[in-house]
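Just so we're aligned, residue 7 is where the sequence shown starts under the working numbering, counting upward by one.
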Amino acid sequence: MVQTERDEQRPAILVVDDIAANRYAIKRLLTYIDADIIEAESGHEALALTLRNHNLAMILLDVQMPIMDGYEVAEMLRAERQTKHIPIIFITAVHRDESHVLKGYTSGAIDYITKPVQPEILVAKISLFMELWRLRYGLEREVRARINLEDKNRYMADHDLLTDLPNRRRLFQEIERATSRADREKKEFALLFIDLDGFKSINDSLGHKTGDQVLITIAHRLERLIRKSDTLARFGGDEFVMLLTDIDDSNQLTGRIEKILSAVKKTINIEPEEIELSASIGICIYPDQIDDPAKLLDYSDIAMYKAKQAGKNTFRFFSEEMDAAAHKRIHVEKHLRHAMENNELTVHYQPVVKVANGDPVGVEALLRWNNPELGSVPPDYFIPIAESTGLIHSIGAWVFEESITQLAVVKNELDLKLTVAVNASTLQFKNSIWHQIVRDAIMKKRIDAKDLEIEITESLLLDDSKEMTHQLLVIKELGVSLSVDDFGTGYSSLSYLKRCPVQTVKIDRSFIMGIPNSKEDMVLVRAIIAMAHGLEMEVIAEGIETEEQWEFLKKENCDFAQGYYFSKPLPIDSLKSWLRK
7 MVQTERDEQR
17 PAILVVDDIA
27 ANRYAIKRLL
37 TYIDADIIEA
47 ESGHEALALT
57 LRNHNLAMIL
67 LDVQMPIMDG
77 YEVAEMLRAE
87 RQTKHIPIIF
97 ITAVHRDESH
107 VLKGYTSGAI
117 DYITKPVQPE
127 ILVAKISLFM
137 ELWRLRYGLE
147 REVRARINLE
157 DKNRYMADHD
167 LLTDLPNRRR
177 LFQEIERATS
187 RADREKKEFA
197 LLFIDLDGFK
207 SINDSLGHKT
217 GDQVLITIAH
227 RLERLIRKSD
237 TLARFGGDEF
247 VMLLTDIDDS
257 NQLTGRIEKI
267 LSAVKKTINI
277 EPEEIELSAS
287 IGICIYPDQI
297 DDPAKLLDYS
307 DIAMYKAKQA
317 GKNTFRFFSE
327 EMDAAAHKRI
337 HVEKHLRHAM
347 ENNELTVHYQ
357 PVVKVANGDP
367 VGVEALLRWN
377 NPELGSVPPD
387 YFIPIAESTG
397 LIHSIGAWVF
407 EESITQLAVV
417 KNELDLKLTV
427 AVNASTLQFK
437 NSIWHQIVRD
447 AIMKKRIDAK
457 DLEIEITESL
467 LLDDSKEMTH
477 QLLVIKELGV
487 SLSVDDFGTG
497 YSSLSYLKRC
507 PVQTVKIDRS
517 FIMGIPNSKE
527 DMVLVRAIIA
537 MAHGLEMEVI
547 AEGIETEEQW
557 EFLKKENCDF
567 AQGYYFSKPL
577 PIDSLKSWLR
587 K
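This is the structure:
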């Protein structure tokens, strides 16, 4: 229970008499009463002290005083809300008749004592009233504590504990109110779904404490951009939702959204770090774009993902085309969840050859999905769905084991030395048991670890968290090679390559396509080969389609290559036939 200042103060008794000797005498009688004794020599002073002291348990009040007598003081105290319940005992030496006693009670006193006072009786009465006060005060405090607890529980039920912003529950209530008002007044409002780009990497690399500070800072910045009629809520994790009412001017709305992007983009200083973020925002307008309140959040979320796909740090308004795309994605996801059990997944293999002579040295395993209803689904469409739903873990493990199994069969049948490269997503590496999956597969299939290569993306190199570094080092210690796929298209730098245990870089096909017509592409490819060799790494060029490209790579001493010039990705039986030639 939270204690207030009032809870911690001792009770007090106010003694009011214009004669100091009388006050002193009463004060001595109250020596053993557990209370603070306060004195006042006039009615005006008594009123002032009463209003200032909220812990008064009792007032001992003289009747006959100059300017303002005790009756007037009592009547004024009873007229004030905060003082009307303070017990008053009149003590007088002159007004002993029945009419004065009655006047004392009608003025608000609980007792009327005439002098000379019998000390034992006065102390007994005061002690009794003090005990009653303590019981009443304890009850008031308990009621107050319960009210405070209920208020706190109500607040916690409606607010995010980290940022103090409204939470999902409160947001849904505000959306319901906004839609009712919009329908009634024929007005529009906008729902903005705000997602922080790259926030997870901050949590992973700098820790959750720093991540929480970032979220609090962003929440404060966004709060400054809304009006009293608007709502800003934390939806969960690094997601915020903003409800903007009375949207009449689309240009004005766009301007407000751009201010949001700028506010998030501003550097956050959390010693010793300088953190930079951006946001992707999806917007849905009610009822202009959608007249179903239940779908507002879903549609603004869809628009937000479109903003991310557009390059992040931007915004997108919901459209019907997005709705169609969302329904298609949901339909594909439903089929993907059963693809493994229905044996719809297969692995194709694209040969990797030695550039110097064209001899095969390995294959890259590439996942394919053929569904009876959907047909052949492109990997660049269904793999992101697998990642976003978490299916990538089970599918990735299956691809890994299937590739190793089929490689072992091919090597035994054809008596060839071949390596197999398997792609692994960042999500798979963030699975704490990923290296155990690799180890178990190697031991179960009894293949040589040096015949296995795992391809990672450039973005994974940027994740310098302890977990990721540990996974990479353990896999290297197993004897498995690591290669960086699509090198040159992401954010890699020499420092990342130098720090990570990578043995091979794969030049992205987009650089190979321009050879021999693009001087810039030729310079870039030449530089990548030289850099990799300087770091004692091998180089694989992807997307070779012409003899001119192959000849250029020979000239530049590129180690390995793959592409349609040599072979397209093949199912396992076709791969065997190709290798036999």
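The beta-carbon is built from N, C-alpha and C at its ideal position, and this holds for glycine as well.
First through last residue of the alpha helix (DSSP H) which encompasses M528: In the sequence shown, residue 528 corresponds to position 522, counting from 1. Its alpha helix (DSSP H) spans residues 525-540.
Sequence-distant residues of the same chain with beta carbon closer than 7 Å to K560, five excluded per side: What you label residue 560 is simply residue 554 of the sequence shown in a count that begins at 1. So the qualifying residues of the chain are V361, A362.
Three-way DSSP call (helix, strand, coil) for Q356 in this model: Here residue 356 corresponds to residue number 350 of the sequence shown, with the count starting at 1. Strand.
Complete alpha helix (DSSP H) runs within the stretch 48-77 (minimum length 4 residues, chain order): Runs of the alpha helix (DSSP H) inside the stretch 48-77: 49-58.
Beta bridge counterpart(s) of V367 as assigned by DSSP: Position 361 of the sequence shown holds residue 367. Looking at the DSSP assignment, V367 forms no beta bridge with any residue, so it has no partner.
Coil, strand or helix - R230 by DSSP: Residue mapping note: residue 230 aligns to position 224 of the sequence shown, counting from 1. Here R230 sits in coil by DSSP.
Alpha carbon of Y497 to alpha carbon of Y311, nearest angstrom: Residue mapping note: residue 497 aligns to position 491 of the sequence shown, counting from 1. Residue mapping note: residue 311 aligns to position 305 of the sequence shown, counting from 1. At Y497 the pLDDT is 48, less than 50, meaning the model places this residue with poor confidence and gives no usable figure here.
Euclidean distance between Cα positions of S382 and I521: The sequence position of residue 382 within the sequence shown is 376, counting from 1. The sequence position of residue 521 within the sequence shown is 515, counting from 1. Rounded to whole angstroms, S382 to I521 spans 31 Å at the Cα level.
Residues near R532 in its chain [Cβ-Cβ closer than 7 Å; skip 5 each side]: Within the sequence shown, residue 532 is the residue found at index 526, counting from 1. Non-local beta-carbon contacts of R532 in its own chain, meaning distances under 7 Å to residues more than five positions away in sequence, involve E562 in chain order.
Residues bridged to I289 [DSSP beta-bridge criterion]: Position 283 of the sequence shown holds residue 289. Answer by DSSP bridge pairing, in chain order: L198, F323.
S48 and M71 closer than 8 Å at C-beta: Taking the first residue of the sequence shown as position 1, residue 48 is located at position 42. Taking the first residue of the sequence shown as position 1, residue 71 is located at position 65. The answer is yes: Cβ separation under 8 Å.
I550 (DSSP reduced to helix, strand or coil): Walking along the sequence shown from the start, residue 550 turns up at place 544. Of the three classes helix, strand and coil, the one that applies to I550 here is coil, per DSSP.
Contact check, I97 vs L66, beta carbons under 8 Å: Against the sequence shown, residue 97 aligns to sequence position 91. Against the sequence shown, residue 66 aligns to sequence position 60. When the beta-carbon positions are compared, I97 and L66 come within less than 8 Å of each other.
Proximity of S268 and G288 at Cβ, strictly below 8 Å: The sequence position of residue 268 within the sequence shown is 262, counting from 1. The sequence position of residue 288 within the sequence shown is 282, counting from 1. Not closer than 8 Å, so no.
Reduced DSSP category for Y497 - H, G, I as helix; E, B as strand; rest coil: In the sequence shown, the residue the question calls residue 497 occupies position 491. The predicted model places Y497 with a pLDDT of 48, which falls under 50 and marks its position as unreliable; any figure quoted below should be read in that light. Assigned with DSSP and collapsed to three states, Y497 falls in coil, not helix or strand.
In DSSP terms, what P172 is bridged to: Counting from 1 along the sequence shown, the entry for residue 172 is found at position 166. Answer by DSSP bridge pairing, in chain order: H165.
The alpha helix (DSSP H) enclosing I308, as first and last residue numbers: To locate residue 308, count along the sequence shown from 1; it is residue 302. Secondary structure note for I308: its alpha helix (DSSP H) is the uninterrupted segment 302-315.
Reduced DSSP secondary structure (H/G/I, E/B, other) of A6: Because the chain in this structure spans residues 7 to 587, residue 6 falls outside the shown range and cannot be described.
E459 - partner residues in DSSP beta bridges: Position 453 of the sequence shown, counting from 1, holds the residue named residue 459. A427, S487, per the DSSP bridge assignment.
Whether I308 touches F323 by CB criterion (8 Å): Here residue 308 refers to the residue found at position 302 of the sequence shown. Here residue 323 refers to the residue found at position 317 of the sequence shown. No.
Beta bridge counterpart(s) of K512 as assigned by DSSP: Counting from 1 along the sequence shown, the entry for residue 512 is found at position 506. I546, per the DSSP bridge assignment.
Rounded C-alpha distance that separates A85 from H91: The count along the sequence shown starts at 1 and reaches residue 85 at position 79. The count along the sequence shown starts at 1 and reaches residue 91 at position 85. Going from the Cα of A85 to the Cα of H91 covers about 10 Å.
Cβ neighbour criterion (16 or more within 10 Å) applied to P172: Walking along the sequence shown from the start, residue 172 turns up at place 166. Buried: at least 16 other Cβ atoms inside 10 Å.
Every unbroken beta strand (DSSP E) inside the stretch 13-49 [3 residues or more]: Taking 3 residues as the minimum length, the beta strand (DSSP E) runs contained wholly in the stretch 13-49 are 18-22, 42-46, in order along the chain.
Rounded Cβ spacing between W584 and P385 (contact assumed at less than 8 Å): Start at 1 with the first residue of the sequence shown, and residue 584 comes out as number 578. Start at 1 with the first residue of the sequence shown, and residue 385 comes out as number 379. Not confirmed; about 21 Å, so no contact.
Simplified DSSP assignment, three categories, for L128: Here residue 128 refers to the residue found at position 122 when the sequence shown is read from its first residue. Three-state result, L128: helix.
C290 and L202 closer than 8 Å at C-beta: Residue 290 sits at position 284 when you count from the first residue of the sequence shown. Residue 202 sits at position 196 when you count from the first residue of the sequence shown. Not closer than 8 Å, so no.
Outcome for V100 when other beta-carbon atoms lying within 10 angstroms are tallied against a minimum of 16: Reading the sequence shown from its first residue, position 94 is the one you call residue 100. Exposed, because fewer than 16 other Cβ atoms sit within 10 Å of the Cβ of V100.
For V415, the residue or residues it bridges with in DSSP: Mapped onto the sequence shown, residue 415 falls at position 409. Its beta-bridge partners do not exist; DSSP assigns none.
Whole-number beta carbon distance between M346 and I401, since they are thought to touch under 8 Å: Against the sequence shown, residue 401 aligns to sequence position 395. Against the sequence shown, residue 346 aligns to sequence position 340. Their Cβ separation, rounded to whole angstroms, is 7 Å, which keeps I401 and M346 in contact under 8 Å.
Coil, strand or helix - S573 by DSSP: Looking up residue 573 in the sequence shown gives position 567. Coil.
Same chain only: Cβ atoms within 6 Å of L413, ignoring 5 sequence neighbours per side: Here residue 413 refers to the residue found at position 407 of the sequence shown. Non-local beta-carbon contacts of L413 in its own chain, meaning distances under 6 Å to residues more than five positions away in sequence, involve V426 in chain order.
According to DSSP, residues forming a beta bridge with L238: Sequence index remark: in the sequence shown, residue 238 carries index 232 (1-based). Answer is M248.
Residue(s) in a DSSP beta bridge with L351: Position 345 of the sequence shown, counted from the start, is the residue given in the question as residue 351. DSSP lists W375 as partners of L351.
6 Å CB neighbourhood of D294 in its chain, flanking five on each side removed: Taking the first residue of the sequence shown as position 1, residue 294 is located at position 288. Short of 6 Å from the beta carbon of D294, and not among the five residues preceding or following it, lie these beta carbons of its own chain, in chain order: E194.
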